[in-house]
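Residue numbers (the working numbering), protein chains in the order written: chain Z, 2 to 92; chain G, 4 to 514. Notes to accompany the following structure.
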Amino acid sequence: MTLVNPMNEAIPQAALPPPRLTSLAGRRIALLDISKPGGDVFLDRLEALLKERHGVASVIRERKPTFTKPAPPEVIERLRGADAVIEALAD
Amino acid sequence: MLVLGERAPGFDGWLADGQPAVVVFLETDCPTCRLTAPYLNRLAQSVRVIGVSQDSEAATREFAAQVPVAFPLRVDPELMVSRAWDPPIVPALFLLDGDGIVRRAEIGFDKDVLNAIANDLGQPPVADPFDGAPSRKPGCSSRHLEPAVIGEEAAALNVHGSRGGKASRFELAEGEDEYEYRLRMFGDALPVVPPTAQRVERMLRASPIDPREVIGRIPPCYGEATVEKIAANAVMAGCVPEMMRVLIPLVRAACDERLNLHGVQATTHFAAPLVIVNGPVRDELGFWSRQNVFSNVARANSTLGRALQLILLNLGGARPDGIDMSALGNPGKFSYCIAENEEASPWEPLHVELGFRPDQSTVTLFAAEPPRGVSEHTARSAKGVLRAIARALETVWSYRSCLTFEALVVIGPEHARTIAHDGFSKHDARQFLFENSGIPVSEYDGDGGEGTQLVAQYQETIIEGVRCYQKFRAPESIRIVVSGGTAGKFSAVLGSWATGARGSQMVTYPV
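What follows is the structure in structure tokens.
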């Protein structure tokens with residue numbers, strides 16, 4: 002018996018993730034707020050901790066216009082150059 | 004991942020030889036693996052521990068020297084062992100008995116688990132609860148599940164190509180049960196019709212469109228919905244071939260950016276796309292709009308709704324055990340399709356209200372919660388019935404939340420008749436529902452619950468002498484459809500997901 006494959010057959014194209022950071026000291030860290038209520042509370046605290054405890058050099062703050070959709074290209078573009086991005090899901 | 008009772012595949016360096024063993028999968032840059040290794044060293048003093056590193060020989064050597072690791076650590080350069088054992092997360096610990104049977108399979112770091120393994124092997128505890136390390140720590144995803152294609156930039160998704168690939172074929176071995184095979188390979192938890200080449204061919208003959216044409220790309224994984232793929236899913240759902248002419252525009256509607264299926268399919272909320280069918284196609288293909296309209300009443304409703312759900316699953320990748328993160332789900336994810344009872348409605352049907360001709364047929368998609376019932380058997384006036392519906396509308400999303408959602412009101416024919424009898428047009432009914440849905444200002448007592456944060460944006464109004472916040476942004480936030488049986492004074496309210504340009508908007512396509 003022959004069955005027709007009803008599924009998505011596209012092969013996922015993806016980049017290899019960059020190597021994990023061994024230390025946060027002196028790094029540029031981006032914090033992406035997906036714009037859910039409470040996300041800023043979490044990220045404000047995280048930013049303070051990153052600077053106080055881990056010696057992070059700078060923090061970039063970005064915000065998605067809506068949590069319901071993928072980040073638009075211009076937001077992604079502004080994250081470029083960060084050593085790591087932390088995305089906050091909150092409610 | 005190997006499950007309990009399964010025989011572990013052998014690999015060089017380890018064979019079932021009558022002695023139990025602990026096999027652990029590690030990554031050299033995973034902090035949780037680093038945390039776990041010293042505890043395994045302790046265990047390795049008295050039992051056999053074998054490590055499998057998912058990284059290069061050099062990185063593994065460095066890791067073993069740094070930690071240090073006191074048990075044999077072999078590399079798995081092609082990740083063949085990792086693929087065979089299939090741990091989703093590292094560290095992954097497998098306790099094997101002397102026959103090589105899996106007795107425990109654990110992921111991440113957990114002191115209790117490490118001590119339980121030691122105990123199973125007749126050893127004293129290896130993890131002191133107060134040694135300064137956390138009692139638990141999640142791990143990293145296993146290397147064999149990381150993206151397979153290596154490159155600096157991912158290739159852009161081809162979202163504009165209009166010709167898709169031909170669907171591949173599965174050849175079933177002699178004697179293989181096609182229903183069981185299907186359950187293992189694709190579809191949801193209910194049986195489906197096996198999409199044999201013959202059945203799919205029959206389905207395709209009912210559509211004038213080239214089987215390779217891409218009708219849409221289904222979020223969130225953007226699988227190509229070619230006509231052939233749509234047909235295969237339609238077969239599985241039990242559709243008649245003629246249903247292709249409804250299914251094609253329905254897939255176009257599902258891929259309309261305004262519906263924002265990407266969000267609808269991945270949200271933790273209850274929403275699922277509800278199909279509303281209008282126009283002559285209801286009679287032509289047997290869509291049911293009377294009693295039990297939300298139930299398992301008619302083949303057309305059930306199979307069209309089910310075909311859409313299977314497409315979202317198989318082509319969109321919104322697996323209910325994976326990317327679809329709905330906290331409680333929605334029974335509509337098996338099938339969610341109603342038709343408007345235009346014959347029993349005193350008003351213009353939905354598609355006419357939206358600018359289509361009465362003799363046109365349409366499919367509408369609305370990201371909806373499950374229906375909540377409104378019983379009103381004693382009110383004899385339009386306002387009495389509408390007030391009962393307004394009270395249900397006030398509970399949409401959560402009682403004190405206002406403005407950021409919409410609602411679909413499915414008015415039962417008996418209620419519609421009572422409302423129209425008092426001279427209310429559909430427009431009047433909607434206006435009344437809008438003006439009379441509100442939450443008393445006294446409910447916002449400063450406790451900071453959901454819905455209270457946005458109070459500054461809320462509009463005040465007076466409903467029956469009480470100061471209230473308007474529940475909905477505008478009358479247009481409330482959609483009305485007449486459907487259901489002619490006996491029983493019931494209606495239903497269906498809350499939406501987040502709406503507007505920042506959420507999901509209702510879409511209607513001609514058939």
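Just so you know, even glycine gets a beta-carbon here, dropped at the ideal spot from N, CA and C.
In this structure the stretch 247–267 of chain G does not touch the stretch 291–298 of chain G; the number of beta carbon pairs closer than 8 Å is below three.
Distance from the CA of A130(G) to the CA of R77(G), rounded to the nearest whole angstrom, comes to 24 Å. Taken atom to atom, the span from the alpha-carbon of G387(G) to that of T511(G) is near 31 Å. Neighbours of T199(G) across chain Z, judged by C-beta separation under 8 Å: M2, T3, L4 and V5. The C-beta distance from K474(G) to C405(G) rounds to 5 Å, short enough to fall under 8 Å. The DSSP assignment places 200–208, 230–240, 247–257 and 264–269 as complete runs of the alpha helix (DSSP H) inside the stretch 188–274 of chain G, in order along the chain (cut-off: 4 residues). When secondary structure is reduced to three states using DSSP, G506(G) falls in the coil class, being assigned neither helix nor strand. Residues of chain G with a Cβ closer than 9 Å to the Cβ of P20(Z) are, in chain order, D32. For I35(Z), the CB contacts under 7 Å within the same chain, skipping 5 residues up- and downstream, are K65, F68, E88, A89 and L90 in chain order. Here the stretch 256–268 of chain G makes no contact with the stretch 39–49 of chain Z; the two share fewer than three CB pairs at distances below 8 Å.
Within the same chain, and ignoring the five residues on either side of R208(G) in sequence, the residues whose Cβ sits closer than 8 Å to its Cβ are P244. DSSP, reduced to helix, strand and coil, places I422(G) within a helical segment of the structure shown. Judged by DSSP in its simplified three-state form, D115(G) adopts helix.
Counting C-beta pairs closer than 8 Å gives three or more between the stretch 106–124 of chain G and the stretch 30–40 of chain G, which meets the contact rule. Around the CB of G498(G), 16 or more other CB atoms lie within 10 Å, so the residue is classed as buried.
DSSP places W400(G) outside any beta strand (DSSP E), giving it a letter other than H or E.
Beyond the five residues adjoining it in sequence on each side, I30(Z) comes within less than 7 Å, by CB distance, of L51, V57, V60, A83, D84, A85 and I87 in the same chain, given in chain order. V284(G): member of the alpha helix (DSSP H) spanning V284 to L288, first to last residue. For P373(G), the closest alpha carbon among the candidates S59(G), P127(G), A274(G) and L82(G) is that of A274(G).
Looking at P71(G), R166(G), A73(G) and A237(G), the one whose alpha-carbon comes closest to that of A200(G) is A237(G).
Rounded to the nearest angstrom, the gap between the Cα atoms of A72(Z) and E287(G) is 43 Å. Less than 7 Å divides the Cβ of E9(G) from the Cβ of V105(G).
Relative to R220(G), the option among T3(Z), M2(Z) and M8(Z) whose CA is nearest is M8(Z). A Cβ of chain G is located within less than 7 Å of the beta carbon of K70(Z). Just measuring C-alpha positions, the residue of Y472(G), S428(G), L82(G) and A459(G) sitting nearest V484(G) is S428(G). For C143(G), the secondary structure class from DSSP, reduced to helix, strand or coil, is strand.
By the neighbour-count definition (other C-beta atoms within 10 Å, threshold 16), T23(Z) is an exposed residue. When C-alpha distances from P361(G) are compared across L411(G), T367(G), G282(G) and M509(G), the shortest belongs to G282(G). In its chain, beyond the 5 residues on either side, L264, H265, Q268 and G319 have a beta carbon closer than 7 Å to the beta carbon of P222(G). Inclusion of F290(G) and A342(G) in the CB contact set at 7 Å is warranted, their separation being smaller than that value. For the pair A395(G) and D425(G), the CB atoms are not nearer than the 7 Å cut-off. Within the stretch 26–57 of chain Z, P38 place their CB atoms closer than 7 Å to a CB of chain G, listed in sequence order. With contacts defined by Cβ atoms closer than 7 Å, L5(G) and A108(G) form a contacting pair.
Identification of residues in the stretch 232–248 of chain G having a C-beta nearer than 7 Å to some C-beta of chain Z yields K232, A235, N236 and M239, given in sequence order. Taking C-beta separations shorter than 8 Å and ignoring five residues to either side along the sequence, the partners of A95(G) in its chain run M4, V27, F28, W88, A108, E109, I110, G142 and S145, following chain order. The criterion of a C-beta distance shorter than 7 Å is satisfied by S338(G) and G308(G).
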